[in-house]
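These notes are about the structure you will find just below.
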Amino acid sequence: MRRLPFSPWHLLLMPIALLFALPLVQMVLTAFMPDGDINRFPPRIIPSRLQLDGFIGLFTESQALRWLLNTVVVSAIAVLSQLVLCSMAGYGFARLKFFGRNAGFLMILATIMIPTQLLMIPTYVMFTRIGLIDTLAAAFVPWLASAFGIFLMRQFFLSLPGELEDAARIDGCGTFGVFWRVVLPLARPALATLTVFTLLGSWNDLVWPLVAISDESLYTIQLGLANFQGTRHTQWSLLMAGNVVATMPLIIAFVLAQRQFVATMTFSGLKG
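Per full-length UniProt numbering: the sequence shown = residues 1 to 272.
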């Protein structure tokens, strides 16, 4: 029997991948459909003609560019902050010895089990007292660090052989020098994974901005797109065009980081 030029698992995975891709393809096609095709019954899968009315309406009838810029600012601050704070905290819990290290890590890890909805009221009250409500800072401050990010970085640092750090200390590196010059460059797969998760979470966050922000000029893209859906009428062409605009940056980011994402699960610190 002739061997297949690819893994036999692909025969199973390819149909599943196509099944998951169908909603994305339908979203893109709907964004270019005329309103008559969108509202007809039975629904049309392939548009009778392609048009850009949805994209034109998105950028002329709303503040979509401002919303997109707000989302980029929120996500960029969230990603940079998590990369810095979570990597430093993760390294501290993985390598530094101090009183209460394990107890402190378990307490941080336990916060993952607290439902987000349970924290909204106390967070809203706290943000109101410090004047962050209805500001763009209200959207990114909760993303400055996360228990998951600390956990991910700690577990990755524990997988690195300690001999690498010992060799750096013999050469005269201090604790921060070891972290910055030796450990952090090796942690690029974990940092890429943390970037993807943080970008997805902060970019798609809807519930908290909906609670904390009422000024339309400060909306994120997800909060702005929610306004296109109403009880009696939904602007489907604008909504689908907005979803395409909001989704493409995430797809590009994942494609660029997918190798590092997989490497996080297999990286051992030494080759050979």
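We put the beta carbon where it would ideally sit given N, CA and C, even for glycine.
All values reported here derive from a predicted model rather than from experimental measurement.
Report buried or exposed for G36, applying the criterion of at least 16 other Cβ atoms within 10 angstroms of its Cβ. exposed
Going along the chain, which unbroken runs of the beta strand (DSSP E) with 3 or more residues stay wholly within the region 109–153? none
T193 (DSSP reduced to helix, strand or coil): helix
C-alpha gap between A21 and M27, whole angstroms: 10 Å
If I'm right that M248 touches G54 with Cβ under 8 Å, what's the distance once you round it to whole angstroms? About 14 Å separates the two Cβ atoms, so there is no contact after all.
DSSP three-state label for residue 277, please. Past the edges of the chain, shown from 1 to 272, lies residue 277, and the structure says nothing about it.
Quick check: the region 194–204 against the region 72–87, are there 3 or more CB pairs under 8 Å? yes
Identity of the residue in E61, F105, R154, S237 nearest P34 by Cα: S237
Quick one: complete beta strand (DSSP E) runs, 3+ long, within the region 60–94? none
Inspect the beta-carbon positions of T135 and L218 and report whether they are closer than 8 Å. yes
So, for R101: in the same chain, excluding its five sequence neighbours on each side, which residues have a beta-carbon less than 7 Å away from its beta-carbon? F93
When we look at the beta-carbon of residue 275 and count the other beta-carbons within 10 Å, is it buried (16 or more) or exposed? The shown model of the chain, from 1 to 272, leaves out residue 275, and the question about it has no answer.
Taking buried to mean at least 16 other C-beta atoms within 10 Å of its own C-beta, is I114 buried or exposed? exposed
Would the beta-carbon of Q63 fall within 8 Å of that of G224? yes
Applying the criterion that 16 or more other CB atoms from any shown protein chain within 10 Å of the CB defines a buried residue, is E61 buried or exposed? exposed
Length of the line joining the Cα atoms of L11 and L164: 42 Å
Taking 8 Å as the cut-off, decide whether the C-beta atoms of G206 and Q229 are in contact. What sits at residue 206 in the sequence shown is Leu, not Gly. Cβ distance not < 8 Å, so L206 and Q229 don't count as in contact.
Use the C-beta contact count for A138: other C-beta atoms within 10 angstroms, 16 or more gives buried, fewer gives exposed. buried
Can you give me the C-alpha to C-alpha distance between P189 and I252, rounded to a whole angstrom? 17 Å
Which partner residues of T234 appear in the DSSP bridge assignment? Q229
Pair within 8 Å by beta-carbon distance, W208 and P142: yes
Cutoff 7 Å; reference R169; Cβ partners in own chain excluding five residues on either side: V178
Closest Cα partner of L210 within the set F148, P42, M120, G149: M120
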